[in-house]
Amino acid sequence: MRKKVAMRRADREIRDSSEMIDILKRGDVCHIALVDGTEPYLVTLNYGFSWHSHRPTLYFHCADAGRKMEILRKNPRACFSVDTDHVVVRGVKACNWGMKYRSVVGYGDIQIVEDAAEREEGLRLLMEQYSHSQDCVFESKILASTKVLKLEADEITGKKKT
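Numbering (the working numbering), first residue to last: 633 to 794.
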């Protein structure tokens, strides 16, 4: 477990679960940071999520090959970030510019989902994130061959600049 560090700008911290859920609902992609030996590796993924006990579980789909899967088999620890509501704030001088945003950052271990029912639920949540519909029917062949990953956050925080 990593050492918890207080947010420098506590006035921007989001602690309300409903606001973090809204950020996750409005997000387009999730950035996942992994560690490959001593080297960081960042990947951008589509995601779906559920929220239980003040923390999210994120689901992703991917191929069962490539650098990401090689890393996860050695070290499942990950950091994730989702951000939304970006607005550039123009300033008179170059250094007076800024950005409005809302974001969540969390930590957890990524697992390969082996259970068929949970794989289907993860894919349903992923489809719901983008189609905003729960009426998804998956072919059994696709369900069997699709690799689904899940990250159960053990820590999450939010931040906003408005």
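For glycine and all other residues, C-beta sits at the position ideal for the given N, C-alpha and C.
With H, G and I counted as helix, E and B as strand and the rest as coil, what does DSSP make of Glu702? Helix at Glu702.
To the nearest angstrom, report how far apart Gly740 and Phe681 are at their CA atoms. Whole-angstrom Cα-Cα distance: 14 Å.
Ala726 to Lys732, Cα distance in whole Å? The alpha-carbon atoms of Ala726 and Lys732 are separated by roughly 16 Å.
Taking the beta carbon of Lys773 as the centre, do at least 16 other beta carbons fall within 10 Å, making it buried, or is it exposed? By the neighbour-count criterion, in which 16 or more other beta carbons inside 10 Å mark a residue as buried, Lys773 falls on the exposed side.
In terms of residue numbering, what span does the alpha helix (DSSP H) encompassing Ala748 cover? Taken as a continuous stretch (DSSP letters only), the alpha helix (DSSP H) holding Ala748 covers Ala748 to Ser763.
Run through the DSSP bridge pairs and tell me what Met731 is partnered with. In DSSP, Met731 forms a bridge with Val720.
May I have the straight-line CA-CA distance separating Lys635 from Ala776, to the nearest angstrom? Each residue's Cα considered, the two are about 39 Å apart.
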